[in-house]
């Protein structure tokens, strides 16, 4: 396949008009090379190390300039432009950048299914309100961020913010973008794994900003496990804090459960990009705000999301087994046909000798 693509590129280059300038020829050749590379990535015909380096290169080339642009736009709020307007513009830029990274890496495929589990809905994003909702995700990889931005339409993203570890804002260039798009910090007392104690004084101030965002019809994305789960087969115990906010504002809750994110970007790796087929299921989670409390709902949602993940894992195992059986059958058929062909050769030779 790769040699065919290269050959096609050379043949196409040979057909270019002779009057083109050197710059035009170089531009055309670059476009052909990128097209060939994209095709190879899409067909997963490149080595793993190239796929991962390409992800790093494309993510850096797309996200870093977008991040730098935010630093130029942010000062507009000092010129009288409302802060929320500036944040919305910054959010649009970063959302477009993350979506572009997803598009530029076609070897990472996300297969989405909607669970029509409440009155036959949702069957698509059109059935999910674009404001005033909470979207909960299982957290298995840093790819989760690319996933939720890549899959969520801009009609929903423009009102969406999330709660994130405050220390992430210390990342050079990229870290400052979290404030500029309007995400909310979580001030943990320690960065140790499993330590979820927060600075209550600082977090009380953040809570007022979150409440204001939700009163204006904003959405919120929640990773209720609180941190990347290093054992993705079993969801970690959900944190209760955000569920109190959900109850306070009586927000409709939707889950987005994924399977396979850790394959493209393992938790222990500095960057991702490995080829992967990621299964995603999105559904509504009904809550009786008059009869339930936040802790009960958190436990019940964890059970539901675990169930969805287990169902996807079982479906994937079944599909893999079927594919392996099909391959085995095809190999056996090809071998049988080969034996038949060899058996016919002596018979044909004998017939020719007799003639």
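In this note's numbering, the protein residues as written are 30 to 384.
Glycine included, every Cβ here is placed at the ideal spot set by N, Cα and C.
Would the beta-carbon of residue i fall within 8 Å of that of residue j?
i	j	result
residue 234	residue 274	no
residue 116	residue 209	yes
residue 356	residue 246	no
residue 345	residue 264	no
residue 293	residue 172	yes
residue 286	residue 180	no
residue 269	residue 327	yes
residue 212	residue 243	no
residue 280	residue 163	yes
residue 130	residue 88	yes
residue 291	residue 370	no
residue 215	residue 194	yes
residue 267	residue 254	yes
residue 206	residue 99	yes
Below 6 Å CB to CB, which residues in the same chain sit around residue i once its five sequence neighbours on both sides are set aside?
i	result
residue 70	135 and 136
residue 252	166 and 168
residue 138	306
residue 92	126
residue 226	218
residue 330	314
residue 257	168 and 296
residue 124	178 and 186
residue 202	96
residue 55	none
residue 105	115
Skipping 5 residues on each side, what residues in its chain have a beta carbon closer than 8 Å to that of residue i?
i	result
residue 386	Because residue 386 is not part of the residues shown, which for the chain are 30 to 384, the question remains open.
residue 30	Low local confidence applies: a pLDDT of 49 at residue 30 is under 50, so the model's placement there is unreliable, and no value is given.
residue 140	306, 307, 308 and 309
residue 318	276 and 279
residue 334	165, 167, 264, 284 and 286
What are the boundary residues of the beta strand (DSSP E) that includes residue i?
i	result
residue 248	248-251
From the DSSP output, which residues share a beta bridge with residue i?
i	result
residue 142	310
residue 305	137
residue 193	214
residue 164	250 and 283
residue 150	147
residue 227	217
Could you give the residue range of the alpha helix (DSSP H) that holds residue i?
i	result
residue 291	290-293
residue 100	77-102
residue 275	270-278
residue 175	172-180
residue 298	That residue, residue 298, is in no alpha helix (DSSP H); it is neither H nor E in DSSP.
residue 184	183-186
Please return the same chain residues whose Cβ sits closer than 7 Å to the Cβ of residue i, not counting the five positions on each side in sequence.
i	result
residue 184	159
residue 95	122, 123 and 126
residue 128	178 and 179
residue 146	312 and 313
residue 67	135
residue 342	288
residue 365	none
residue 84	134, 300, 301 and 302
With a threshold of 7 Å, establish whether the CB of residue i neighbours any heavy atom of the ligand NAD.
i	result
residue 314	Absent from the structure shown: the ligand NAD. Ligands present: none.
* Asked: Does the pairing of the stretch 297-314 with the stretch 141-150 give three or more beta-carbon distances under 8 Å?
  -> Contact between the stretch 297-314 and the stretch 141-150 is present, because at least three Cβ pairs lie under 8 Å.
* Are the stretch 75-82 and the stretch 296-305 touching by the rule of at least three beta carbon pairs closer than 8 Å? -> The stretch 75-82 is in contact with the stretch 296-305.
* Counting Cβ pairs closer than 8 Å, one from the stretch 181-191 and one from the stretch 117-126, do we hit at least three? -> The stretch 181-191 vs the stretch 117-126: in contact.
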